[in-house]
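*Asks:* Counting from 1, position 19 in the sequence shown corresponds to residue 18 in numbering that gives the first Met the number 0; the numbering is continuous, with no gaps.
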Amino acid sequence: MRGSMLKQILDEKSITISELARRLNAPAQTLYSMVKRDNQKVDFDLMMRICEELDVPVERMCENISLPKLPTNREWELVTNYRKLDSNGKTLVDMVVEHELSRLESPADTGETTKIIPLYSTPAAAGYASPAFGDDYTDYEIAENIAADFAVRIDGDSMEPYIKDGSVALCKRGAIIRDGDVGLFFVDGDMKCKQYCQDYAGNVYLFSANRARADADILIKASSGITLMCFGKVLTDKPIPLP
Numbered sequence: 000m001r002g003s004m005l006k007q008i009l010d011e012k013s014i015t016i017s018e019l020a021r022r023l024n025a026p027a028q029t030l031y032s033m034v035k036r037d038n039q040k041v042d043f044d045l046m047m048r049i050c051e052e053l054d055v056p057v058e059r060m061c062e063n064i065s066l067p068k069l070p071t072n073r074e075w076e077l078v079t080n081y082r083k084l085d086s087n088g089k090t091l092v093d094m095v096v097e098h099e100l101s102r103l104e105s106p107a108d109t110g111e112t113t114k115i116i117p118l119y120s121t122p123a124a125a126g127y128a129s130p131a132f133g134d135d136y137t138d139y140e141i142a143e144n145i146a147a148d149f150a151v152r153i154d155g156d157s158m159e160p161y162i163k164d165g166s167v168a169l170c171k172r173g174a175i176i177r178d179g180d181v182g183l184f185f186v187d188g189d190m191k192c193k194q195y196c197q198d199y200a201g202n203v204y205l206f207s208a209n210r211a212r213a214d215a216d217i218l219i220k221a222s223s224g225i226t227l228m229c230f231g232k233v234l235t236d237k238p239i240p241l242p
């Protein structure tokens with residue numbers, strides 16, 4: 000967007016930046032910043048509201064600036080249909096798009112062999128309750144040399160910054176879980192992504208790596224009689240320090 004053009008239009012219409020900010024219910028400082036430079040990236044919705052309020056075409060605001068290619072009718076139709084989906088449908092579409100983008104971005108001439116593992120559609124909780132795995136999954140392509148045999152999408156922030164909310168975690172079934180390892184544990188009917196630790200008395204601690212979410216820690220006492228089920232070890236790029 001050309002800030003100098005916005006300033007020119009405001010001068011032509013005898014409207015101050017403060018007055019425009021009041022009409023738009025937008026921070027005046029944001030508009031002051033916009034008029035100071037050209038080629039500045041601005042929020043698209045805000046730019047359209049400015050054009051509507053000042054009754055000027057968006058092309059004038061972007062004069063001499065290369066505009067991005069507008070979506071085709073089919074692309075607008077896809078956007079419209081996406082907005083009609085519920086959260087589960089949108090999650091599934093996001094997974095497919097992410098998978099396809101990853102496939103297209105992968106170098107075609109590396110000769111690296113790949114394999115397909117299931118990416119379960121039901122998220123694994125990292126601080127929040129979530130149902131156990133079902134049969135609903137999509138194919139997920141990874142390098143052949145990665146030990147993972149299934150993947151899950153993480154829901155929650157209790158394992159950040161090491162495992163981010165919304166990220167895909169690669170997991171290995173049947174792997175030995177040692178102190179400090181991260182695993183997917185089935186506890187009281189919920190699937191949890193947590194860091195494992197066992198003390199000398201046999202008590203098991205499932206820690207949140209994000210200590211701001213220590214409220215999501217789980218203690219299973221040796222005397223409780225509860226059997227802890229581990230669905231798989233989460234493969235991490237580097238060790239995560241225990242709290």
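For each residue, glycine too, the CB sits at the ideal point set by N, CA and C. It should be emphasised that the depicted structure is a prediction, and the values quoted were computed from it without experimental measurement.
(1) In chain order, what residues of the same chain have a beta carbon less than 8 Å from the beta carbon of Asp164, not counting five sequence neighbours either side?
(2) Sorted by chain position, which residues of the same chain lie with C-beta nearer than 6 Å to Thr112's C-beta, five sequence neighbours on each side aside?
(3) Does the distance from the CB of Leu30 to the CB of Ala20 come in under 8 Å?
(4) What does a CB cutoff of less than 6 Å around Tyr195 pick up in its chain, not counting 5 residues either side in sequence?
(5) Within 10 angstroms of its Cβ, does Leu100 collect 16 or more other Cβ (buried), or is it exposed?
(6) From Ala168, Ala146, Leu227 and Pro117, pick the residue whose C-alpha is nearest to that of Gly188; which is it?
(7) Less than 8 Å between the C-beta atoms of Leu205 and Phe184, yes or no?
(8) Flag this pair as yes or no: are the beta carbons of Arg212 and Pro242 separated by less than 8 Å?
(9) Rounded to whole angstroms, what's the CA-CA distance from Cys229 to Glu58? Just pull it up for me.
(10) If you follow the alpha helix (DSSP H) that Thr79 is in, where does it begin and where does it stop?
(11) State the Cα-Cα distance for the pair Asp243 and Tyr119, rounded to the nearest angstrom.
(12) Taking DSSP as the reference, what is the three-state secondary structure of Asp148?
(13) Tell me whether Lys232 sits in a helix, a strand or coil according to DSSP, three-state version.
*Replies:* Looking at the atomic coordinates:
(1) Ala125, Ile153, Asp154, Gly155 and Asp156
(2) If you ignore the 5 residues before and after Thr112, its C-beta comes within less than 6 Å of the C-beta of Glu143, all in its own chain and listed in chain order.
(3) yes
(4) Ile176, Asp180 and Gly182, listed in sequence order.
(5) exposed
(6) Nearest C-alpha to Gly188: Leu227.
(7) yes
(8) No, the pair does not count as a contact, with Cβ atoms beyond the cut-off.
(9) Cys229 and Glu58 have their C-alpha atoms roughly 58 Å apart.
(10) Asn72 to Lys83
(11) Beyond the ends of the chain as shown, which are 0 and 242, falls residue 243; an answer cannot be given.
(12) Asp148: coil per DSSP, three-state reduction.
(13) strand
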